[in-house]
Amino acid sequence: MAETTYLDAIRRALGEEMERDAGVFLMGQDIAAFGGAFRASKGLYEKFGRLRVINTPLMESGAIGAALGAALAGHRPVLEMQFADFVSCGFNQIVNNVAKTYYRWEAPVPMVIRLPFGGGAGAGPFHSQSPEAWFAHTPGLCVVAPSTPRDALGMLKSAIRDPNPVIFLEHRFLYRREKEELPEGDVLTPLGKARVVRSGTDVTVLSWSWTLHESLAAADELAKDGVSVEVIDLRTLSPLDEETIFASVRKTSKVLVVHEATLTAGFGAELAARVGEQCVEWLDGPVRRVAYADRPSPYNKKLEQRLLPGRERITRALRALARY
Amino acid sequence: MATSKTPNAAAPSAAEAVAPAVLRRAHFLMHLSRAWDSRFEAMARVGRIGRWYSAVGNECTTIGTALALGAGDALSTVHRDLGAVLTTYLDATRLAPTLFDAADATAWDALRPDPSALLDRLASQVFGRREGFTRGVDRSFHYGLLRPEWGIRHVGMISHLGSMIPVASGLALAAVQDHTDRVALGFIGEGATSQGDFHEALNFAGVMKLPLILVVENNQYAFSTPLSEQYACARLSDRAAGYGIAGETVDGLDFEAVHVAMRAAVARARAGDGATLLECMLPRMRGHAEGDGSYELIPPAEREGYLAMDPLPRFEARLAALGLADAARCAKVQETAKAIIEDAVERAIVGADPSLDEALRPVFAPGEVAEAFARMSTEVFDG
Ligand SMILES: Cc1ncc(C[n+]2csc(CCOP(=O)(O)OP(=O)(O)O)c2C)c(N)n1
Ligand SMILES: [Mg+2]
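Sequence lines, in order, name chains S and Y. Numbering follows the numbering used here, in which position 292 of the first sequence is assigned residue number 292; successive positions increment by one, without gaps. Numbering follows the numbering used here, in which position 87 of the second sequence is assigned residue number 87; successive positions increment by one, without gaps.
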């Protein structure tokens with residue numbers, strides 16, 4: 001069987017859900033005949049036509065607000081931000097309008113906002129950011145970041161079917177690098193459930209998306225030292241699967257959080273706080289974090305690599321933690 | 001009006017005449033809206049409610065436009081659009097049977113629910129009561145009501161002005177995608193036309209030829225900011241050309257002019273000919289919010305001029321000229337409207353507060369995300 005890339009998995013999810021439900025439609029910049037900046041929707045315009053694969057003008061706020069209107073009319077918009085960084089231009093619509101509608105007057109807002117995010121490409125301060133914490137802080141948004149093609153497929157399909165707004169973070173670096181064989185048929189991954197990717201007994205790593213893969217590589221290194229690392233792919237950041245996290249912490253007693261977003265007030269701070277509040281009796285060391293240094297992302301690739309939380313830094317942090 | 005930005009619409013010609021049933025319904029709805037404002041203004045003056053944003057003066061515009069909608073059209077309102085809400089929600093003929101003939105009821109009225117129950121919910125909403133549309137979690141007109149079976153598809157505002165214009169464009173987009181001839185009507189104050197969302201949404205509406213009518217309620221001021229500090233074009237409707245949509249400025253105090261312009265805009269939208277920016281010129285008859293000092297900032301002579309422009313006596317003079325209402329009928333309409341509002345407000349005042357659990361109600365609609373949220377600890381540890 002042929003392998004499917006992360007990007008192809010996204011395209012498959014979009015196509016299958018559009019096929020299944022005539023209310024599902026795509027909106028974004030350059031997504032129609034061109035297929036989007038990363039070609040995630042390539043071929044769908046030809047199949048579903050101009051009212052279901054809509055090229056918008058160069059706007060984010062207006063597109064997100066329009067998607068909200070369509071969702072309130074019973075449709076299921078899937079919106080692509082050309083790069084995650086540009087979602088800041090639609091921030092107000094997301095955090096004030098989209099996120100609060102259900103709480104305020106109980107109208108469901110079935111909407112997915114896809115964010116191709118992350119660094120590693122030397123793309124500079126405005127095409128490299130990891131914005132998950134901006135949204136995880138807002139009640140009413142589901143925030144997900146799959147790390148594998150299978151979860152990209154299964155979680156996007158689940159996100160499109162869910163009656164709530166989902167911020168869907170797709171790592172650009174994984175788009176063409178991650179591949180795996182995927183089953184035929186309706187592949188669904190539940191939202192709100194973490195996955196223990198590698199089980200271990202000495203240290204727990206909590207991560208997602210690109211840094212999940214770096215954490216797995218670091219865990220291989222630690223295994224050579226005889227340290228058994230459990231690696232958990234959070235997959236959904238909000239709402240958080242505390243059960244899976246706390247069960248692991250109670251087993252290993254040590255926690256390292258790894259994320260690509262900048263350190264201060266990053267989502268790792270939330271994880272450390274929850275582990276501290278609810279598992280302190282089990283902890284045998286500090287909850288540590290490996291994250292991007294508190295700087296914008298530099299353009300020069302060597303400078304960027306200096307700040308990215310890759311496998312070497314994770315390995316060092318794990319070794320230090322293992323010594324407690 | 002103390003401005004060079006005067007209406008450009010001609011008086012309606014005979015061919016554009018507005019049906020007597022529409023004028024009679026408008027008359028009652030105007031008094032209903034005015035009675036509501038008077039009641040809440042009085043409460044704001046004595047401190048029984050914290051804030052009140054009055055819609056006095058906007059009635060011809062909000063009611064004149066909303067009366068051109070049909071069942072299933074979408075409505076998006078902001079803070080001075082009670083008239084449009086009442087027009088859309090209420091079967092006026094059932095609410096005030098002594099004022100109407102059976103023939104005044106429309107096909108849409110046959111779909112609408114008990115009007116006094118809806119009015120009670122609206123009053124409860126303003127007081128943050130349990131029976132309000134948001135059951136106490138959001139303020140006065142910050143809610144929506146999506147009941148297609150009643151022909152009502154209303155999306156209320158959030159505080160961030162301008163934010164609802166893209167949403168209205170999305171409601172219009174859905175109508176196109178569904179291959180229906182439904183339209184979306186949105187309202188916005190002239191101040192909020194300076195927001196980026198105004199531009200993004202109207203540009204999108206132009207590109208997609210969306211069946212959207214955006215009504216600008218140009219009441220000369222935004223909080224304390226006069227037009228001269230808000231925009232530099234002659235008329236806001238001139239901006240329509242920049243979006244490739246229709247634009248018109250009308251006297252927002254002239255019910256028939258507003259209604260006829262709106263009817264034309266709705267006809268264009270239903271025919272697939274795209275969006276309209278309809279600017280309605282209004283006087284500033286009240287301050288930004290009652291008692292916030294913003295009205296006192298307007299020079300007294302200018303203020304007097306605005307207050308003298310009250311659209312209600314003008315509309316009643318027109319009804320008299322058309323032989324549709326004499327002084328006795330006008331008094332009866334006013335009294336009936338006042339009594340209906342008084343009853344609804346009194347009931348809401350003594351209405352129950354929501355249970356405290358409402359504060360912690362779900363932020364997610366039912367499904368696996370909502371279930372995951374329910375499993376997660378979302379309150380601080382304080383024990
Ligand atoms: C985005 C945003 N900025 C500021 C405010 C504060 N604010 C509330 S009403 C208002 C003036 C609105 O003026 P206009 O749009 O002309 O409506 P009017 O009150 O005159 O009907 C302002 C500045 C707001 N609600 N939203
Ligand atoms: Mg104004």
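The C-beta atom is built at its ideal place from N, Cα and C for all residues, glycine as well. On a predicted model such as this, the values are computed, not experimentally measured, just so you know.
Through-space distance from residue j to residue i, alpha-carbon basis
| i | j | result |
| --- | --- | --- |
| D85 of chain S | L44 of chain S | 25 Å |
| Y292 of chain S | M208 of chain Y | 41 Å |
| V176 of chain Y | S169 of chain Y | 11 Å |
| A192 of chain Y | I158 of chain Y | 13 Å |
| S124 of chain Y | R329 of chain Y | 30 Å |
| R153 of chain Y | M164 of chain Y | 14 Å |
| G196 of chain Y | L263 of chain S | 32 Å |
| I245 of chain S | I113 of chain S | 26 Å |
| E17 of chain S | V205 of chain S | 33 Å |
| A2 of chain S | P113 of chain Y | 58 Å |
| L191 of chain S | D138 of chain Y | 29 Å |
| L145 of chain Y | V155 of chain Y | 6 Å |
| A275 of chain Y | R239 of chain Y | 13 Å |
| V258 of chain Y | L75 of chain Y | 17 Å |
| E106 of chain S | R130 of chain Y | 14 Å |
| L136 of chain Y | S128 of chain S | Looking at the sequence provided, one finds Gly at residue 136 of chain Y rather than Leu. Their Cα atoms are separated by approximately 41 Å. |
| P125 of chain S | P165 of chain S | 27 Å |
| F204 of chain Y | L278 of chain Y | 17 Å |
| G23 of chain S | V53 of chain S | 12 Å |
| Q230 of chain Y | E243 of chain S | 53 Å |
| A265 of chain Y | Q29 of chain S | 29 Å |
Residue i, enclosing alpha helix (DSSP H) - first and last residue
| i | result |
| --- | --- |
| S33 of chain Y | P20 to R45 |
| I64 of chain S | S61 to L72 |
| G64 of chain Y | E59 to A66 |
| T101 of chain S | T101 to W105 |
| F202 of chain Y | First, the amino acid is wrong: residue 202 of chain Y is Leu here, not Phe. G196 to M208 is the extent of the alpha helix (DSSP H) around L202 of chain Y. |
| H259 of chain Y | F255 to R270 |
Host beta strand (DSSP E) of residue i (start-end)
| i | result |
| --- | --- |
| Y6 of chain S | Premise fails: Y6 of chain S lies in the alpha helix (DSSP H), Y6 to R20, not in any beta strand (DSSP E). |
| R182 of chain Y | Counting along the chain, R182 of chain Y falls outside any beta strand (DSSP E), and DSSP gives it neither H nor E. |
| G28 of chain S | V24 to G28 |
Contacts that residue i makes with chain S (C-beta to C-beta distance below 7 Å)
| i | result |
| --- | --- |
| N203 of chain Y | P57 |
| S146 of chain Y | Checking the sequence, you will find Leu at residue 146 of chain Y rather than Ser. Ordered by position in chain S, the residues that pass the 7 Å Cβ test against L146 of chain Y are L72 and A107. |
| V207 of chain Y | P57 |
| H160 of chain Y | N92 and N96 |
Exposure label - residue i; buried when at least 16 CB within 10 Å
| i | result |
| --- | --- |
| A372 of chain Y | buried |
| R295 of chain S | exposed |
| C233 of chain Y | exposed |
| Y324 of chain S | exposed |
| F223 of chain Y | exposed |
| N300 of chain S | exposed |
| K224 of chain S | exposed |
| A96 of chain Y | buried |
| D73 of chain Y | buried |
| L156 of chain S | buried |
| T148 of chain S | buried |
| P299 of chain Y | exposed |
| E304 of chain Y | exposed |
| R24 of chain Y | buried |
| R11 of chain S | buried |
| V380 of chain Y | exposed |
| T201 of chain S | exposed |
| H179 of chain Y | exposed |
Chain-ordered neighbours of residue i on chain S, where CB pairs are closer than 8 Å
| i | result |
| --- | --- |
| T134 of chain Y | R104 and W105 |
| D138 of chain Y | R104 and W105 |
| Y143 of chain Y | R104 and W105 |
Residues that residue i contacts on chain S, provided the C-beta gap is smaller than 9 Å
| i | result |
| --- | --- |
| D353 of chain Y | Per Cβ cutoff of 9 Å: no residues; D353 of chain Y is ~17 Å from chain S at best. |
| V363 of chain Y | A99, K100, Y102, Y103, P139, G140, L141 and N164 |
Chain Y contact residues for residue i, given Cβ-Cβ distances below 9 Å
| i | result |
| --- | --- |
| N300 of chain S | What N300 of chain S touches in chain Y: nothing, since even the nearest Cβ is about 33 Å away. |
| E242 of chain S | R375, M376 and S377 |
Residues that residue i contacts on chain B, provided the C-beta gap is smaller than 7 Å
| i | result |
| --- | --- |
| H75 of chain S | The structure shown has no chain B; the protein chains it does contain are S and Y. |
Chain Y residues whose Cβ lies nearer than 7 Å to that of residue i
| i | result |
| --- | --- |
| S61 of chain S | P166, G196, D197 and E200 |
| A70 of chain S | G170, L173 and A174 |
| P239 of chain S | V369, A372, F373 and M376 |
Proximal residues of chain Y, C-beta to C-beta of residue i below 8 Å
| i | result |
| --- | --- |
| T189 of chain S | Those within 8 Å of T189 of chain S in chain Y number zero; the least Cβ separation is about 10 Å. |
| F25 of chain S | Q177 |
| P108 of chain S | A365 |
Item to check | Residues with C-beta closer than 7 Å to any heavy atom of ligand 2, in chain order | outcome: In chain order, the qualifying residues are Y:G189, Y:E190, Y:G191, Y:E217, Y:N218, Y:N219, Y:Q220, Y:Y221 and Y:A222.
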